[in-house]
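Protein chains in written order, with this note's numbering: chain A, 1 to 189; chain B, 190 to 378. Every residue gets a Cβ at the ideal spot worked out from N, C-alpha and C, and that includes glycine. Structure first, then comments.
2 protein chains.
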Amino acid sequence: MNTAPLVQSFVLHFGEMGSRWGISRTVGQIYALLYVSANPLNADEIAATLDFSRSNVSMGLKELESWRLVRLQHLPGDRREYFSAPEDVWTIFRTLAEERRKREIDPTLTMLRAALMATPTDPDERYAQQRLREMHDLIELVTTWFNDVQRLDQKTLAQLLKLGSKAQKFLALKDKLSLSSGAKSATKR
Amino acid sequence: MNTAPLVQSFVLHFGEMGSRWGISRTVGQIYALLYVSANPLNADEIAATLDFSRSNVSMGLKELESWRLVRLQHLPGDRREYFSAPEDVWTIFRTLAEERRKREIDPTLTMLRAALMATPTDPDERYAQQRLREMHDLIELVTTWFNDVQRLDQKTLAQLLKLGSKAQKFLALKDKLSLSSGAKSATKR
DNA sequence: CTATTATTTCAGTAATTACTGAAACATCGA
DNA sequence: TCGATGTTTCAGTAATTACTGAAATAATAG
Numbered sequence: 001m002n003t004a005p006l007v008q009s010f011v012l013h014f015g016e017m018g019s020r021w022g023i024s025r026t027v028g029q030i031y032a033l034l035y036v037s038a039n040p041l042n043a044d045e046i047a048a049t050l051d052f053s054r055s056n057v058s059m060g061l062k063e064l065e066s067w068r069l070v071r072l073q074h075l076p077g078d079r080r081e082y083f084s085a086p087e088d089v090w091t092i093f094r095t096l097a098e099e100r101r102k103r104e105i106d107p108t109l110t111m112l113r114a115a116l117m118a119t120p121t122d123p124d125e126r127y128a129q130q131r132l133r134e135m136h137d138l139i140e141l142v143t144t145w146f147n148d149v150q151r152l153d154q155k156t157l158a159q160l161l162k163l164g165s166k167a168q169k170f171l172a173l174k175d176k177l178s179l180s181s182g183a184k185s186a187t188k189r
Numbered sequence: 190m191n192t193a194p195l196v197q198s199f200v201l202h203f204g205e206m207g208s209r210w211g212i213s214r215t216v217g218q219i220y221a222l223l224y225v226s227a228n229p230l231n232a233d234e235i236a237a238t239l240d241f242s243r244s245n246v247s248m249g250l251k252e253l254e255s256w257r258l259v260r261l262q263h264l265p266g267d268r269r270e271y272f273s274a275p276e277d278v279w280t281i282f283r284t285l286a287e288e289r290r291k292r293e294i295d296p297t298l299t300m301l302r303a304a305l306m307a308t309p310t311d312p313d314e315r316y317a318q319q320r321l322r323e324m325h326d327l328i329e330l331v332t333t334w335f336n337d338v339q340r341l342d343q344k345t346l347a348q349l350l351k352l353g354s355k356a357q358k359f360l361a362l363k364d365k366l367s368l369s370s371g372a373k374s375a376t377k378r
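Spelled out as structure tokens, the structure:
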């Protein structure tokens, strides 16, 4: 790899991180390289830079396309395909979250819902089902929130996140005034 | 596996999901089983239920301990070690998030910060560094928010999440009144 | 159409990761 | 202490996943 040390350490690190998620080291490195590249790259350039076989790059790019994380374009007067990552890191983050939801969360919710339909036959099963319900509710709550919030524009989202737990004060206030919909204080467990 | 179909499908599914994260299928299944079990289980019970070798279970439990996801306890008059998952699914979620932060996010931020210290020598490097800065800022924003918010008690957190994008209205209002960053109580309606 | 260049597929192989059984180690009651 | 029971370690092996080069396929210019 003949790139700047700065880029090199990023690419290598990202590769390692990738392999801790469902993504192979190769794919992680390819994406990291695209991410920091000012210009779109073609497959040969990627293969040369990362010292991967051409076919490996081809497969990696295919996987990245399946995640909708790369844009494919053509340069005038050049038959080769050029790839780039979205310029906006928030977009990348959202796309990743959406894809993971589609691939992992949604099937999990489906499975959980199916299991919640079953009629438990003994106390153990009753307990298990209760636990599944808790997990289901948590996942649903978090993903619904995420779904809500990811539609916000970048600036508002950043604001909201910056607000962080300060929002708690807002909630406390809302509670105090006994405004609508809030969960009233009841049991502690 | 001689468990109820309800439990069985959950355990198998969870195993698959686990293997899409950095966690092996085995470990995922062990945790799923502990999660739905009303009582703590010892290693032999786990091995028998999931049909894994005793040593495999031992290693899996060790990994789960390193994630701080299981509690180890002893039953009176029984020398064997019994394992269980926390009763509260929120606790599990938080622990998981904390561990992942420690293992993945923090090292990534460290790497990014180091790369941001370097002085770029050409425009490409300047661009790369700018991209790294964007990624750094995003990760930091999100993790700071998470850090803030995970300290809230379960009820408040759930409320906050349920609020979702409605918080946007709050922000809009705040903007309109040109208040400073704090969540002030200056609401009219 | 043909020659040239670009891309993908895929069977074989390499590398990595997961799993097992046997042995070592640990704990505890008598 | 010993013997019984429980747990961990680890070297070897199995299973999985990643990667390559060669061949097939696709696209385009002439």
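DSSP places B:R322 in the uninterrupted alpha helix (DSSP H) bounded by 312–338.
DSSP places A:S53 outside any alpha helix (DSSP H), giving it a letter other than H or E. By the criterion of a C-beta distance shorter than 8 Å, B:W279 is surrounded in its chain by Q343, L346, once the five residues flanking it on both sides are discounted.
Between A:D106 and chain B, the shortest Cβ-Cβ separation is not below 8 Å.
CA-to-CA, the gap between A:R79 and A:Q73 works out to about 10 Å. In this structure, DSSP gives B:E288 a helical state, which the three-state scheme calls helix. Restricting attention to A:E81, A:L96, A:F10, the CA atom closest to the CA of A:D88 is found in A:L96. By the C-beta density criterion, B:M306 is exposed, having fewer than 16 other C-beta atoms within 10 angstroms. For A:S84, the uninterrupted beta strand (DSSP E) run begins and ends at 81–84, by DSSP.
Here the alpha carbon of B:R292 sits roughly 46 Å from the alpha carbon of A:G77.
When C-beta atoms of the segment 145–154 of chain A are compared with those of the segment 221–228 of chain B, fewer than three pairs fall below 8 Å, so the two segments do not count as touching.
Judged by DSSP in its simplified three-state form, B:L261 adopts strand. Shown here for A:E63: same chain residues with a beta carbon closer than 7 Å to its own, the five before and five after excluded, namely V27 in chain order. Residue contact check for B:A237 against chain A: no CB pair falls below 8 Å. Around the beta carbon of A:L41, 16 or more other beta carbons sit within 10 angstroms, so the residue counts as buried. Counting along the chain, B:G211 sits inside no alpha helix (DSSP H), nor does DSSP assign it H or E at all.
In the structure shown, the three-state DSSP call for A:L152 is coil. Comparing C-alpha distances from B:G204 to each of A:Q129, A:I139, A:E125, A:M111 shows the shortest one belongs to A:M111. For B:L250 and B:L362, the gap between their C-alpha atoms comes out near 50 Å.
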